[in-house]
Structures are given as structure tokens and as C-alpha cells.
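Going by the numbering used here, the sequence shown opens with residue 305, and the numbers climb by one from there.
Each residue gets a CB set at the ideal place from its N, CA and C atoms; glycine is no exception.
Below: one structure, written as C-alpha cells.
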Amino acid sequence: MKLSLLLSPRATSPLREALAFIVLTLALTWLFWLPGVFLPMGSVGSDFLLGLGSVAPCAVAIFLQVWLQKWSMAPREWLRTLSAERIALALFVPFAFFIPIILARVLQNTLALDAFVADARRQWLALAGWLIVSIAEEIGWRAYLLPRLKNAPLALTNLFVGLVWFVWLLPLTLAGRYNTSENFGGFVLAMFLYALLITPFLNRIAQRGAYNPLLSGLTRAVASFVIAIYFLQGRGDPLTDTFGSLTLTWLTLLNAILFSQLWRGKKPSAEISELERVMPLQVGD
């Protein structure tokens, strides 16, 4: 059946657009990732194919906008709203998240801080790659997909996007790419938990009126870079290693806070906490 019969400017709906985005993103990504994961890790061919697959969410989002002639994303507005203060905040968030975890390892004498900093200096160019990939993911999975799921219950949306995102990552996960654990089953379980726990937080940021995927991509790129540099210090189980266990604990706490807000509903302005102001329930709050 032709795509025009399934989805066209005259025959479309938010749900159909969301499903089309998911199906096309999985197909296009896996087209590059499946051969890429079987090439030697670190080779030019592998990195090239994995990089192409990683930008698929952005490419599919742009394709669907052109195909349907519906311009729901505003890249000029994203560029216009960039500021030094917002960029600084985007850079600060991942450091604020990970510094306590890294310091815990330093105090345990299980992490050499000088080696950590030296590795970061040597690998700083990798941050550019993480930035491109992270922005591409944010544009597709948040800026394009989430508005088309806005009529669904928030908890269901978070669970659905988290599960689909984990499925999207399956070629990398099952091939053991970036696995730092001797226990493969624990690695897969950790990736599953990370996908489910980080998605509500990322979705909440994307539902803010001032959401900018460029800034969210910057935050995610720095966070991914810190994680990658951390595991250069040696292998560690993502479930039992101090870094992995504390990260899961911190994400669980954040989800508990976000979940509690779902049951509070609207409150007078004077009763809204600073946390709720930073992560409001609805766009424009």
C-alpha cells in the first residue's frame, strides 16, 4: 500500500502522524544500525553507519512535515530564544546531576579524578558528535512526537514513549555496544530501566512553554559525554556500580516527585513550589 494512502495532507490525524513517525524512525534507524553494530567498534564504517542511524528521528520529522505540509516545528524560534543564560543553565544541569555521584566514587577511592579530567580533555571532540545526535533525538522524539500525543494521559504517554525509545535502541543494546558490565542480562535490564525512568523527565522539560530542543540536546550531550568518560576508567555493572545505582536512585526520586505532581492538580499561584514552576504540568503554566 502506498504511503499516500496511509497518510496524506487530506487523510491524517495526530495519532496517525505519531505512528508514522515511530514506524519510519525504527525502519530508517535500523537500516543503518543493524549492519553498523556488526562492524568493528570504533571503525570508520561502524561510526558512520551508527551516526546516520542516530539522526533518523530528525530526518523523519522533517520528512513528515514536508510530506503533510504541516509545519509544527519552529527552528527559527529555537535559534531566536538561545541566550547565554539558557546555554549556561543547559550546561550546568548535567554537572549538577553527576557531580555528587562522581564525588562519591572519589571519596571511595575507586575513581581517579585526575585521570577522569585527562580523559575528558583528550576526548572533547566526541562532545560534538554527542551534540548532533542528542539534538536530532530531541527534535524527533520530543519536538515532533510529543505534541501529537498531547491528548493521551501524561503517564501513558511517558510509558509509551519510554518503551518505544527502548525498542529503538535495541540493535545497540542487544549487540552489546557501550556495555560496561560483565553481566549482559544486567546491562539490558539497566538500559530498559534507564529508558523508562529518564523519559518522564525529558518529556516534562519538552512540555514547557519555553522548550528548546537545541538546549535540551546540549544538556543530553554533556550528560552522555560525562557518562562515556566515566566508563573509560574501567568496566562497571550499570545496576550495582556506584555510578549506575546512584543514577537509577536519583532518576527514581525525580519520577516520584513528578508522579506526585500529577495528583495535586492545579493550585493557587502562591502554593506552587519552585520545582513545579521549573517543571509545570502543562505548556504555558
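A contact is defined here as three or more CB-CB pairs under 8 Å, and the stretch 419 to 436 meets this definition with respect to the stretch 516 to 534.
Three or more Cβ pairs closer than 8 Å define a contact, and the stretch 485 to 499 meets that threshold against the stretch 464 to 476. The three-state secondary structure of SER520, taken from DSSP, is helix. In this structure, the straight-line span from the alpha carbon of ASN516 to that of ALA322 is close to 20 Å. Burial state of PRO398 is buried, judged by a 10 Å Cβ sphere holding 16 or more other Cβ atoms. Look at SER312 here: in three-state DSSP terms it is strand. Cβ contact annotation for VAL437 (same chain, cutoff 6 Å, sequence separation greater than five): SER358, in chain order. Short of 7 Å from the beta carbon of TRP375, and not among the five residues preceding or following it, lie these beta carbons of its own chain, in chain order: GLN369. Within its own chain, the residues whose Cβ lies closer than 8 Å to the Cβ of PHE464, once the five positions on either side in sequence are excluded, are LEU453, ALA456, listed in chain order. Cβ atoms of LEU353 and TRP337 come within 8 Å of each other, at about 7 Å. Contact check for LEU518 and TRP382: beta-carbon distance about 5 Å, within the 8 Å limit, so the pair qualifies. In this structure, the CA atom of ALA360 is about 17 Å from the CA atom of ALA525. For GLY355, the enclosing alpha helix (DSSP H) covers residues 348 to 358.
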